[in-house]
Ligand SMILES: Cc1cc2nc3c(=O)[nH]c(=O)nc-3n(C[C@H](O)[C@H](O)[C@H](O)COP(=O)(O)O)c2cc1C
Ligand SMILES: [Fe+2]
Ligand SMILES: [Fe+2]
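In our numbering, the protein residues as written are 5 to 412.
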């Protein structure tokens, strides 16, 4: 698509990936974009590159504005291959350019490419670079979400180029948030933000709070946030920062996600009275069968809800494999401020539900005990047990105060 001037002489020159549905295991139903930005100043500066497969798209975009040999500086905010995969090809066309990168970024880049002929300037938190009219301020954001990560603030444009932070996996002809909302919806955009946060940034809530506080303390004015994926925030960028703070503080909906799997539908049948019990407590509920749901969607739904009930049959004394995989993955994301319980059907010795609780303890989640195990198919009295279990869990979810700034 055409390049877009997002601020005077600052152009989006990125690429739209309409077709991607699996982004390193994360399901991207809406595709994504790889954004990068060209500052046409005395010293022409490219901020971030692009995934290898889209190198030609970005090169064509740049060529429409200037010759590649004229690029003086390249800022690399993050070395993940979706943002640097094409740097070697770009460096062939502008070998005179100096790369501005964090120290850990340089060390990582050396592992991906032969960088011996490239010129580097290692930058630290607070370092600046003048491109002529514009001043770039580099703010290191280590572990948000890689050790090398940083963001670049363009002072005179009040523009924060935020790298993966504040991004969303959305492929669209809209370059800006207001354009996207006008043709799609606010709720679709909000969902994409939560999806991204849950799957990529969930482990780093504390760091996010510290970093946002540090940026606020700098007293810099931000009237646009341009991430490296999805739409650019120009309508009210403070809103997306607030959303991140809320999520970092554990904000969730007053709702329950039932995340289950089943072989012969007994565990599945338990979900029906369970759900009714939850609903009768005035709490909304969403049920997902894991084998019918991509992992990243289940993670997102877990994150949206204040409470989750995990349903697993017992197989060979242990949890059903998809549930084990889900909890294993969830553990890596180090969720906080969420309450969980488990239920499921068994045949003889059982063990699946107990194992789910062992996992909850390992993850460090708030636990609702005891879980509910039933033999084979739930009978009428079992259904009542399920209903009561759901109801009691919903009561607990309503009372749960582990969450700061919680809201319905
Ligand atoms: C391959 C297989 C292995 C099983 N292993 C166990 C087991 O080790 N212990 C147990 O209590 N039940 C075991 N069961 C029985 C199931 O837990 C029982 O059928 C349960 O009702 C299944 O729930 P579902 O209908 O939700 O899949 C096994 C069932 C199958 C098909
Ligand atoms: Fe990344
Ligand atoms: Fe990325």
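Heads up, the beta-carbon is just placed ideally off N, CA and C, and yes, glycines get one too.
For this session: Could you give the DSSP three-state label for residue 359: helix, strand or coil?
Result: Start at 1 with the first residue of the chain shown, and residue 359 comes out as number 355. Correct three-state label for residue 359: helix.
Problem set entry | Residue from 282, 32 and 149 with nearest C-alpha to residue 399 | If you number the chain shown from 1, residue 399 lands on position 395. Out of 282, 32 and 149, 282 has the C-alpha closest to the C-alpha of residue 399.
Exercise. So is the beta-carbon of residue 357 under 6 Å away from any non-hydrogen atom of ligand 1?
Worked result: Position 353 of the chain shown holds residue 357. Answer for residue 357: no, Cβ out of range of ligand 1.
Exercise. Any heavy atom of ligand 3 within a distance shorter than 6 Å of the CB on residue 86?
Worked result: Numbered from 1 along the chain shown, position 82 holds the residue referred to as residue 86. Distance from the C-beta of residue 86 to the nearest heavy atom of ligand 3 is below 6 Å.
For this session: Check each candidate in 205, 287, 277 and 226 and name the one with the smallest Cα separation from residue 249.
Result: What you label residue 249 is simply residue 245 of the chain shown in a count that begins at 1. Nearest C-alpha to residue 249: 205.
Exercise. Quick check: the stretch 171-178 against the stretch 230-243, are there 3 or more CB pairs under 8 Å?
Worked result: Yes: the two stretches touch, three or more of their Cβ pairs being nearer than 8 Å.
Exercise. Is residue 416 buried or exposed, if buried means 16 or more other CB atoms sit within 10 Å of its CB?
Worked result: Past the boundaries of the shown model lies residue 416; the chain is included only from 5 to 412, so the question cannot be answered.
Exercise. What residue from 385, 275, 7 and 208 has the CA that sits closest to residue 66's CA?
Worked result: What you label residue 66 is simply residue 62 of the chain shown in a count that begins at 1. It is 7 whose Cα lies nearest to the Cα of residue 66.
Problem set entry | Member of 92, 341 and 277 whose CA lies at the smallest distance from the CA of residue 118 | Residue numbering aside, residue 118 sits at position 114 when the chain shown is read from its first letter. Comparing alpha-carbon positions, the option among 92, 341 and 277 lying closest to residue 118 turns out to be 92.
Exercise. Excluding sequence positions up to five away, which residues of its chain have a Cβ less than 6 Å from the Cβ of residue 166?
Worked result: On the chain shown, residue 166 is found 162 positions in, with the first residue counted as 1. Answer for residue 166: 155, 229 and 231, listed in chain order.
Exercise. Is there at least one non-hydrogen atom of ligand 2 closer than 6 Å to the beta-carbon of residue 168?
Worked result: What you label residue 168 is simply residue 164 of the chain shown in a count that begins at 1. Yes, the beta carbon of residue 168 sits closer than 6 Å to at least one heavy atom of ligand 2.
For this session: Return the CA-CA distance between residue 210 and residue 220, expressed in angstroms with no decimal places.
Result: To locate residue 210, count along the chain shown from 1; it is residue 206. To locate residue 220, count along the chain shown from 1; it is residue 216. C-alpha separation (whole angstroms): 16 Å.
Exercise. Which residue from 75, 68, 101 and 58 puts its Cα closest to that of residue 85?
Worked result: The sequence position of residue 85 within the chain shown is 81, counting from 1. Nearest Cα to residue 85 within the set 75, 68, 101 and 58: 58.
For this session: Counting only the same chain and skipping the five closest in sequence on each side, list residues whose C-beta sits under 7 Å from that of residue 216.
Result: Within the chain shown, numbered from 1, the residue matching residue 216 stands at position 212. Leaving aside the five residues that flank residue 216 on each side, the residues in its chain whose CB is nearer than 7 Å to its CB run, in chain order, 245, 248 and 249.
Problem set entry | Any non-hydrogen atom of ligand 1 within 6 Å of residue 320 CB | As a first step, residue 320 must be located in the chain shown, where it is residue number 316. At least one heavy atom of ligand 1 falls within 6 Å of the beta-carbon of residue 320.
Exercise. Do residue 140 and residue 127 have their C-beta atoms within less than 7 Å of each other?
Worked result: Within the chain shown, numbered from 1, the residue matching residue 140 stands at position 136. Within the chain shown, numbered from 1, the residue matching residue 127 stands at position 123. Cβ atoms of residue 140 and residue 127: not closer than 7 Å.
Problem set entry | Proximity below 7 Å, CB of residue 346 to CB of residue 332 | As a working mapping, residue 346 is identified with position 342 in the chain shown. As a working mapping, residue 332 is identified with position 328 in the chain shown. Their beta carbons are not under 7 Å apart, which means residue 346 does not touch residue 332 by this criterion.
Exercise. Comparing alpha-carbon positions, which option in 354, 182 and 142 lies nearest residue 239?
Worked result: Indexing the chain shown from 1 puts residue 239 at position 235. Here the closest residue by C-alpha is 182.
Exercise. Short check: CB of residue 323 to CB of residue 375, under 7 Å?
Worked result: As a first step, residue 323 is located in the chain shown; it is residue number 319 there, counting from the start. As a first step, residue 375 is located in the chain shown; it is residue number 371 there, counting from the start. No, they are not a contact pair.
Exercise. Below 7 Å between beta carbons: does that hold for residue 16 and residue 179?
Worked result: Locating residue 16 in the chain shown gives position 12, where the first residue counts as 1. Locating residue 179 in the chain shown gives position 175, where the first residue counts as 1. Yes. Within cutoff.
For this session: Go through its chain and collect everything with a Cβ distance to residue 261's Cβ below 6 Å, but skip five positions before and after it.
Result: Taking the chain shown and counting its residues from 1, the one referred to as residue 261 is at position 257. Closer than 6 Å at the Cβ level, and outside the excluded window around residue 261, lie 290, 305, 306, 309 and 312.
Exercise. What does a CB cutoff of less than 7 Å around residue 330 pick up in its chain, not counting 5 residues either side in sequence?
Worked result: On the chain shown, residue 330 is found 326 positions in, with the first residue counted as 1. Shown here for residue 330: same chain residues with a beta carbon closer than 7 Å to its own, the five before and five after excluded, namely 263, 294, 299 and 302 in chain order.
Problem set entry | Counterpart residues of residue 270 in DSSP-defined beta bridges | Walking along the chain shown from the start, residue 270 turns up at place 266. Answer is none; residue 270 lacks a bridge partner.
Exercise. Going by the beta-carbon positions, is the gap between residue 38 and residue 79 smaller than 7 Å?
Worked result: Taking the first residue of the chain shown as position 1, residue 38 is located at position 34. Taking the first residue of the chain shown as position 1, residue 79 is located at position 75. No, they are not a contact pair.
Problem set entry | Of the listed residues 45, 152 and 107, nearest to residue 161 (C-alpha basis) | On the chain shown, residue 161 is found 157 positions in, with the first residue counted as 1. For residue 161, the nearest C-alpha among the options comes from 45.
Exercise. In whole angstroms, what separates the C-alpha of residue 268 from that of residue 379?
Worked result: Here the question's residue 268 lines up with position 264 in the chain shown. Here the question's residue 379 lines up with position 375 in the chain shown. When only Cα atoms are considered, residue 268 and residue 379 end up about 12 Å apart.
Exercise. CB residue 76 to CB residue 48, shorter than 7 Å?
Worked result: By 1-based counting over the chain shown, the position of residue 76 is 72. By 1-based counting over the chain shown, the position of residue 48 is 44. Contact: yes.
For this session: Taking only the alpha-carbon atoms, compute the straight-line gap between residue 135 and residue 43 and give it to the nearest angstrom.
Result: Translated into positions along the chain shown, residue 135 becomes position 131. Translated into positions along the chain shown, residue 43 becomes position 39. If you draw a straight line from the Cα of residue 135 to the Cα of residue 43, it comes to about 8 Å.
For this session: Could you please give the first and the last residue of the uninterrupted beta strand (DSSP E) stretch that includes residue 228?
Result: As a working note, residue 228 is residue 224 in the chain shown. First-last of the beta strand (DSSP E) with residue 228: 228-231.
Exercise. Three-state secondary structure (DSSP) at residue 373?
Worked result: Counting from one through the chain shown, the residue named residue 373 turns up at place 369. Coil.
For this session: Can you grab the Cα-Cα spacing for the pair residue 327 / residue 318, in whole Å?
Result: In the chain shown, the residue the question calls residue 327 occupies position 323. In the chain shown, the residue the question calls residue 318 occupies position 314. If you take the alpha carbons of residue 327 and residue 318, they lie about 11 Å apart.
Exercise. Between residue 18 and the rest of its own chain, which residues show a CB-CB distance below 7 Å, the 5 nearest in sequence each way excluded?
Worked result: The residue labelled residue 18 in the question sits at position 14 within the chain shown. If we look at residue 18 and ignore the five residues flanking it on each side, its Cβ neighbours are 37, 38, 39, 40, 54 and 62.
Exercise. Where does the unbroken beta strand (DSSP E) through residue 251 begin, and where does it stop?
Worked result: Working through the chain shown from its first residue, we reach residue 251 at position 247. The continuous stretches of beta strand (DSSP E) do not include residue 251, which lies in the alpha helix (DSSP H) extending over residues 241-252.
Exercise. Is the distance from the Cβ of residue 251 to the Cβ of residue 200 below 7 Å?
Worked result: Stepping through the chain shown from its first residue, residue 251 is reached at position 247. Stepping through the chain shown from its first residue, residue 200 is reached at position 196. It is not a contact, given that the beta carbons lie outside the stated cut-off.
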